[in-house]
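Residue numbers (this note's numbering), protein chains in the order written: chain F, 315 to 519; chain A, 315 to 519. Working notes, beginning with the structure itself.
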DNA sequence: GTCTATACGACGATAGAC
DNA sequence: GTCTATCGTCGTATAGAC
């Protein structure tokens, strides 16, 4: 077996892994952990169900990995926003829009998946604590942005972390609601950010 | 069989039904539809699992009834708020606190249950539409309160229904988050309502 | 109305051929 | 690496005794 072949195998393995993860996000969030069958996940990724166990030890293992993936992505997004060369308000606008970009359904599925993981008992407390910790990392990142916004004098006073929590609550709640209505309310970054901004007409007051 | 006995039987039936519904809310929301076994629901209500089918035709039937119950309760709550003799702001404050009262966990479980119902495929589209319609009824009720608040000049301008959606998104999102953190952020009705109020210091400006 | 026992199907996981 | 066939388990729903 040449090293060439070894590499090729590894590539195939990685690619299949990725396909299964993608498929799992879809299935788990649409059907929930228990109802998403292995065969749902594999057939959606166009593999046989037997092959699943060459890539993951169990259904539960895949579940937790997928949730980790989602949260890492979200943390990345926040970090990306933080590094832009713009005002805190601009960063928050960008972040708000990015959270709601792409397919609405996709965003909402990912969010529900995290919720389900936290509030069901498929996962042990240790795993749940890890998830909470990752989410908190994202909240802290947003808190930092808000803090600079306060120093710029554009944002209301108050504990930045608490304000970040309020912001995320609003953004995600809205995401959920929008995904179900026939004609979704056009997302208004303005309105989502209203609670953060000091006043609408600043110095002219 | 005397009429006296007939009545007694009916009472027992009703009571058992109620016990099963209560138990089901707990189990469904904690474990999800698929993972909540009939035996979980019955044993939690201290009945044998066989007896379940004397009260409900299937697990799915109970599921949808329970969700209806939750939404009817919520609509009642909004109507109650609307009928008070107070300003719109007072009504919204009362409603916000009522939503977060009782055990936090209980409130959050009920909310998650509705979400799960909407975003999983245990329910057919018809049932989902009914749920959305009920939820919308509650949103409309809140929208009405907001409208009077605008006429009083205390609330920001904008489509009342849209503002109601934002309010609920924030309130429920916060509920979810609070239930998972070790030391929940003390609910601040003030901050939840900030997005609705016109300015913090009104006429003195 | 309440219970226990059981039929029946579904699904996670494994074995073994290719 | 990929597939099909199969085992073992678990859970819904039913049957039938009390």
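Every residue gets a Cβ at the ideal spot worked out from N, C-alpha and C, and that includes glycine.
query	result
Contact set between residue 429(A) and chain F, taken where Cβ atoms lie within less than 8 Å	426, 429, 490
At least 3 beta-carbon pairs within less than 8 Å: the segment 426-446 of chain A vs the segment 461-472 of chain A	no
Cα-Cα separation, residue 483(A) to residue 449(A)	12 Å
Burial state of residue 320(F) (16 or more Cβ within 10 Å)	exposed
Those residues which DSSP pairs with residue 511(F) across a bridge	469(F)
Residue from 369(F), 349(F), 424(F), 387(F) with nearest C-alpha to residue 486(F)	424(F)
Proximal residues to residue 392(F) (C-beta, below 7 Å), its chain only, five neighbours per side dropped	409, 452, 455, 456
Residue 365(A) beta carbon less than 9 Å from that of residue 421(A)	no
Buried versus exposed, by CB contacts within 10 Å (16 or more), residue 339(F)	buried
Three-state class that DSSP yields for residue 517(F) in the structure shown	With a pLDDT of only 40 at residue 517(F), under 50, the local geometry of the prediction cannot be trusted, and no value is derived from it.
Bounding residues of the alpha helix (DSSP H) (the contiguous stretch that carries residue 357(A))	352-358
Own chain, CB closer than 6 Å to residue 436(F), minus 5 neighbours either side, in chain order	347
Proximal chain A residues relative to residue 348(F), where beta-carbon distance stays under 7 Å	346, 348, 349
Per-residue burial, residue 334(A) [other beta carbons within 10 Å of its own, 16 or more giving buried]	buried
Terminal residues of the alpha helix (DSSP H) in which residue 483(F) lies	474-492
Per-residue contacts from residue 413(F) into chain A (C-beta, under 9 Å)	Those within 9 Å of residue 413(F) in chain A number zero; the least Cβ separation is about 13 Å.
Residue range of the unbroken alpha helix (DSSP H) whose run includes residue 361(A)	Residue 361(A) -> no alpha helix (DSSP H), and no H or E assigned at all.
DSSP-derived helix/strand/coil call for residue 399(A)	coil
CB contact below 9 Å: residue 393(F) versus chain A	no
Neighbour list for residue 435(F) in chain A, Cβ cutoff strictly below 7 Å	344, 345
Partner residues on chain F for residue 508(A), Cβ-Cβ distance less than 9 Å	470, 480, 508, 509
Residue-chain proximity (residue 487(F), chain A), Cβ-Cβ < 9 Å	yes
Through-space distance from residue 474(F) to residue 506(A), alpha-carbon basis	15 Å
Residues near residue 359(F) by beta carbon distance below 6 Å, same chain, minus five either side	333, 334, 337
Which listed residue (322(A), 491(A), 477(A)) has its alpha carbon closest to that of residue 406(A)	477(A)
For residue 368(A) and residue 352(A), believed in contact at Cβ under 8 Å, the rounded distance	12 Å between Cβ atoms; not a contact.
Length of the line joining the Cα atoms of residue 399(F) and residue 479(A)	33 Å
Beta-carbon gap between residue 521(F) and residue 396(F) smaller than 9 Å	Not covered by the structure: residue 521(F). The range shown for chain F is 315 to 519.
Spatial distance of residue 373(A) from residue 380(A) (CA atoms)	11 Å
Exposure of residue 430(A), with buried meaning 16 or more beta-carbon neighbours within 10 Å	buried
Cβ shell of residue 510(A) (< 6 Å), same chain only, five flanking positions each side left out	469
Residue 382(F) to residue 342(F) span [Cα, whole Å]	14 Å
Cβ pair residue 384(A), residue 441(A) closer than 9 Å	no
Own chain partners of residue 517(F) with C-beta closer than 7 Å, once the 5 adjacent residues on each side are dropped	Caution is warranted here: a pLDDT of 40 is assigned to residue 517(F), below 50, making its placement in the model unreliable, and no coordinate value can be reported.
Check whether residue 434(F) and residue 345(A) have beta carbons under 9 Å apart	yes
Min CB distance residue 377(F) to chain A below 9 Å	no
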